[in-house]
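**Student:**
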Amino acid sequence: MTPAEWGIVALALAGAFFGGVAAVGLVRLPDVYTRSHAASKSDTLGAILTVAAAALALQSGLSTAKSVFLLLFMFITNPTAAHAVARAAQDQGIEPWTADEGDD
Amino acid sequence: MSTDDAGRNAGDADGAAGPDAADSPDADGDEAAPGLYVESTIIMTTVRLVSPFILTFALFIMFHGADTPGGGFQGGVIAGSVVMMLAFAYGIDSTRQWLDGRVIAALASGGVYVFVGIGLGAIALGGQFLQYAEYEALFGHAIKYAIELVELSIGAIVAAVAIGLFFLLAAGFDHAIEEDPS
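Read top to bottom, the protein sequences are chains A and B.
For the first sequence, the working numbering begins at 59 and goes up steadily by one.
For the second sequence, the working numbering begins at 258 and goes up steadily by one.
#1: So, under 8 Å CB-CB, Ala-413 of chain B and Gly-368 of chain B are touching, yes? Tell me the CB distance rounded to an integer number of Å.
#2: Given that Val-307 of chain B touches chain A, what residues does it touch there, using C-beta distances under 7 Å?
#3: Could you tell me whether the Cβ atoms of Ala-111 of chain A and Ile-152 of chain A are closer together than 7 Å?
#4: Can you tell me whether Ile-380 of chain B is buried or exposed? The criterion is at least 16 other CB atoms within 10 Å of its CB, across all chains shown.
#5: Between B:Leu-343, B:Val-340, B:Ile-400, which lies nearest to Asp-324 of chain B when the distance is taken from Cα to Cα?
#6: Check whether the region 123-133 of chain A touches the region 81-93 of chain A, counting contact only when three or more Cβ pairs, one atom from each stretch, lie closer than 8 Å.
#7: Can you tell which of B:Leu-356, B:Leu-312, B:Glu-393, B:Pro-326 has its C-alpha closest to the C-alpha of Ile-335 of chain B?
#8: Go ahead and pull the three-state DSSP assignment for Glu-405 of chain B.
#9: For Asp-283 of chain B, count neighbouring Cβ atoms within 10 angstroms of its own Cβ and tell me buried if that reaches 16, exposed if not.
#10: Determine, using beta carbons only, whether Ala-315 of chain B and Gly-329 of chain B come nearer to each other than 7 Å.
#11: Determine the extent of the alpha helix (DSSP H) in which Thr-108 of chain A is found, giving its start and end residues.
#12: Can you list, in chain order, the stretches of the alpha helix (DSSP H) that have 4 or more residues and sit fully within the region 334-362 of chain B?
#13: Check whether the region 352-366 of chain B and the region 391-407 of chain B are in contact - that is, three or more C-beta pairs closer than 8 Å.
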């Protein structure tokens, strides 16, 4: 395998790992704030790494450029959406989970 | 905030919400001002930055639908989502004021008219419904132009219906409250 192929595999694996971390966080964490925290940060990183792997693998000008645009806009919009969700939750008066009140 | 309004309206209908209404006069005064109900600089800036790109992408999807995945339906939904994004960032009421209901109705019905007009025009020229080849006698590349026009009209219909449904859903709660006592 060439170095570029190793890079593609490493990026895709890292993206899958962070996507899995986001999924575990979404299921296991206790309330909306921590869940949106997991979903926004790890999920954005996982998606971006995967798209970067795709951009490397395509190797043709136009498709790579489209992937880079996708990556850029995902980087902007994904955290903003999480911010909007958390802000709406705070606006609705949802109390953040704290360690001393929850047993499960 | 809309739940507060709804609660107040429902309370008035019951005629038994005196203490509740007296509890929060300040909040009611704030909510009376239309628009800017989110007031998040992050959301507003992102929406302002991203909206033109999404509209361009919607048009790209519509125009490319003839020979790649995509088309009027997908592009129309993307174009409609721009308006929903504006509503989330700048407030649903101010967006409804900005985008008049007549514009939405004109988009939807105009799309239908363009679609049917292109279809029936082919019949008028001696072909069948939506047989684009009949237009070749009038101007060159007629098949491609006709397909793109049909995709654009479908996109206009879908975008207008999506926006209209969104506004109806957003307004539905108040209307339901209004209709309740009668």
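The beta-carbon is built from N, C-alpha and C at its ideal position, and this holds for glycine as well.
**Tutor:** Reading it off the structure:
#1: In the second sequence, residue 413 of chain B corresponds to position 156, counting from 1. In the second sequence, residue 368 of chain B corresponds to position 111, counting from 1. At roughly 4 Å, the Cβ-Cβ gap stays under 8 Å, so Ala-413 of chain B and Gly-368 of chain B are in contact.
#2: Position 50 of the second sequence, counted from the start, is the residue given in the question as residue 307 of chain B. Near Val-307 of chain B (Cβ distances below 7 Å), the residues of chain A are Phe-131, Ile-134, Thr-135.
#3: The residue given as residue 111 of chain A occupies position 53 in the first sequence. The residue given as residue 152 of chain A occupies position 94 in the first sequence. No, they are not a contact pair.
#4: Within the second sequence, residue 380 of chain B is the residue found at index 123, counting from 1. The residue in question, Ile-380 of chain B, is exposed, as its Cβ has fewer than 16 Cβ neighbours within 10 Å.
#5: Within the second sequence, numbered from 1, the residue matching residue 324 of chain B stands at position 67. Ranking the options by Cα distance to Asp-324 of chain B, first place goes to B:Ile-400.
#6: no
#7: Counting from one through the second sequence, the residue named residue 335 of chain B turns up at place 78. Nearest C-alpha to Ile-335 of chain B: B:Leu-312.
#8: Counting from one through the second sequence, the residue named residue 405 of chain B turns up at place 148. Helix.
#9: As a working note, residue 283 of chain B is residue 26 in the second sequence. In this prediction, Asp-283 of chain B scores a pLDDT of 41, lower than 50, which makes its location untrustworthy; the coordinate-derived value is nonetheless stated afterwards. The residue is exposed, with fewer than 16 neighbouring Cβ atoms inside 10 Å.
#10: Looking up residue 315 of chain B in the second sequence gives position 58. Looking up residue 329 of chain B in the second sequence gives position 72. Cβ distance not < 7 Å, so Ala-315 of chain B and Gly-329 of chain B don't count as in contact.
#11: Indexing the first sequence from 1 puts residue 108 of chain A at position 50. Counting along the chain, the alpha helix (DSSP H) containing Thr-108 of chain A begins and ends at 90-116.
#12: 349-355
#13: no
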